[in-house]
Amino acid sequence: MLKGKTVLITGATAGIGKACAFKFAESGCNVIITGRRLDRLETLEAKIKTDYGVKVYPVLLDVRDRKAVKECLEFLPNDFSHIDILVNNAGLGRGLEPLYVGDEDGWDEMIDTNFKGLLYVSKAVSKIMINQKGGHIINIGSIAGREVYPNGNVYCATKFAVSAITKALRVELLSEKIRVSTVDPGMVETEFSEVRFYGDKEKAKNVYKGMQPLTPEDIADTVLFVANRPPHVNINEIVIMPTAQASTAHLVRD
Ligand SMILES: NC(=O)c1ccc[n+]([C@@H]2O[C@H](COP(=O)([O-])OP(=O)(O)OC[C@H]3O[C@@H](n4cnc5c(N)ncnc54)[C@H](OP(=O)(O)O)[C@@H]3O)[C@@H](O)[C@H]2O)c1
4 MLKGKTVLIT GATAGIGKAC AFKFAESGCN VIITGRRLDR LETLEAKIKT
54 DYGVKVYPVL LDVRDRKAVK ECLEFLPNDF SHIDILVNNA GLGRGLEPLY
104 VGDEDGWDEM IDTNFKGLLY VSKAVSKIMI NQKGGHIINI GSIAGREVYP
154 NGNVYCATKF AVSAITKALR VELLSEKIRV STVDPGMVET EFSEVRFYGD
204 KEKAKNVYKG MQPLTPEDIA DTVLFVANRP PHVNINEIVI MPTAQASTAH
254 LVRD
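Residue numbering for the sequence shown follows our numbering, beginning at 4 and increasing consecutively.
Structural data, given as structure tokens:
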């Protein structure tokens, strides 16, 4: 059912986005891969083309750049101008400390990327999907958008915002036959913690110490499941956690 579809994935240069790019390509989809690191986009493009023989359109894109997002989506090459599925994945955490000592630049980065970036991309892609009379928007939310955890403050707030926008889009795009879903993971081992701790690899590794986190492929499998339902079925939301995790506050380590 997915073969031949076109999928736009934001933040495809690492982690969950990259795993989604591979899984969709493996299913015969053509993929638009975006991110801010050109070398990674080029490597990914080459590997996907060689391994799966599908069409790939790499776009160097910072989702915080409102003008760039608009232009990129207005002037897509013909082969990619019909977007069947959008995976709104680009996002990051910055810092893990109480709000009163939080870094305002980190807050801006999270709000501008996780929330405003998702808004810019969703607006432009919604217009395309309305014109083509259908499509599917899949947001990568988080359990952080369902329960706040200590020192998660602004990151959690951006994911609560994603949850609100997911619900708003589902209502607003109902008459346009556009499906809107969210996949909300618990702990997934990606570059997320390294980015959150500004490159501190040791600190990042400790996050997953003594427990088995989810893999990016676990999330990509879930996204594919959501995308691959029959046209009359919309999975509104999926929460997925490692077996070792029950909530943002409950985790067992060996
Ligand atoms: N890891 C977890 O435990 C977890 C749990 C729940 C939800 N999530 C969510 O999953 C999503 C993916 O995170 P991940 O865990 O896969 O982290 P990751 O490995 O660090 O990947 C993040 C991706 O987002 C891209 N990105 C970041 N800022 C961007 C920007 N301004 N413009 C465009 N792309 C940008 C990065 O690409 P460039 O740096 O090349 O731009 C990268 O491809 C995020 O929305 C995150 O909040 C993660």
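Glycine included, every Cβ here is placed at the ideal spot set by N, Cα and C.
None of the values given here were measured: they were computed from a predicted structure.
**Prompt:** Excluding the five sequence neighbours on either side, which residues of its own chain have a C-beta within less than 6 Å of the C-beta of residue 251, listed in chain order?
**Reply:** Start at 1 with the first residue of the sequence shown, and residue 251 comes out as number 248. Around residue 251: 146, 150 and 152.
**Request:** For residue 194, verify whether its CB is less than 7 Å away from any heavy atom of ligand 2.
**Result:** Because ligand 2 does not appear in the structure shown, any question about it cannot be addressed here, the ligands present being ligand 1.
**Item:** residue 11 (DSSP reduced to helix, strand or coil)
**Value:** As a position in the sequence shown, residue 11 is number 8, starting the count at 1. Three-state result, residue 11: strand.
**Asked** Beta carbon of residue 214: closer than 7 Å to some heavy atom of ligand 1?
**Response** As a working note, residue 214 is residue 211 in the sequence shown. No, the Cβ of residue 214 stays beyond 7 Å of every heavy atom of ligand 1.
**Message:** I'd like to confirm something about residue 95: is its beta-carbon nearer than 7 Å to some heavy atom of ligand 1, or not?
**Reply:** Here residue 95 is taken as the residue at index 92 of the sequence shown, counted from 1. For ligand 1, at least one heavy atom lies less than 7 Å from the Cβ of residue 95.
**Message:** The alpha helix (DSSP H) that contains residue 131, what's its start and end?
**Reply:** Within the sequence shown, residue 131 is the residue found at index 128, counting from 1. Run containing residue 131: 121-134, per the alpha helix (DSSP H) assignment.
**Asked** Whose CA, out of 40, 51, 154 and 104, lies closest to the CA of residue 63?
**Response** For the purposes of this step, residue 63 is identified with residue 60 of the sequence shown, where counting begins at 1. It is 40.
**Item:** Simplified DSSP state of residue 37, which is helix, strand or coil
**Value:** Here residue 37 refers to the residue found at position 34 when the sequence shown is read from its first residue. If DSSP states are grouped into helix, strand and coil, residue 37 belongs with the strands.
**Asked** Closest to residue 156 by CA distance: which of 33, 208, 37 and 109 is it?
**Response** Taking the sequence shown and counting its residues from 1, the one referred to as residue 156 is at position 153. When each option's Cα is compared against that of residue 156, the closest is 109.
**Asked** Can you tell which of 169, 55 and 95 has the C-alpha that lies nearest to the C-alpha of residue 33?
**Response** Counting from 1 along the sequence shown, the entry for residue 33 is found at position 30. Minimum Cα distance to residue 33 is reached at 55.
**Message:** What I want to know is whether the C-beta of residue 157 ends up closer than 7 Å to one or more non-hydrogen atoms of ligand 1.
**Reply:** If you number the sequence shown from 1, residue 157 lands on position 154. No, Cβ of residue 157 sits at least 7 Å from all heavy atoms of ligand 1.
**Message:** Just to confirm the assignment, what range does the beta strand (DSSP E) spanning residue 60 have?
**Reply:** Here the question's residue 60 lines up with position 57 in the sequence shown. Segment 59-63, the beta strand (DSSP E) holding residue 60.
**Asked** Are at least three pairs of beta-carbons, each pair with one atom in the segment 77-84 and one in the segment 101-116, less than 8 Å apart?
**Response** Contact between the segment 77-84 and the segment 101-116 is absent, because fewer than three Cβ pairs lie under 8 Å.
**Prompt:** Quick one: Cα of residue 119 to Cα of residue 188, how far?
**Reply:** Counted from its first residue, the sequence shown places residue 119 at position 116. Counted from its first residue, the sequence shown places residue 188 at position 185. Spanning the two alpha carbons is a distance of roughly 20 Å.
**Request:** Please check the pair residue 12 and residue 51, which I expect to be a contact at CB under 8 Å, by giving their CB distance rounded to whole angstroms.
**Result:** The sequence position of residue 12 within the sequence shown is 9, counting from 1. The sequence position of residue 51 within the sequence shown is 48, counting from 1. No, residue 12 and residue 51 are not in contact; Cβ-Cβ is about 11 Å, not under 8 Å.
**Limits of the unbroken alpha helix (DSSP H) element including residue 181** = Here residue 181 refers to the residue found at position 178 when the sequence shown is read from its first residue. Segment 181-188 is the beta strand (DSSP E) holding residue 181; no alpha helix (DSSP H) there.
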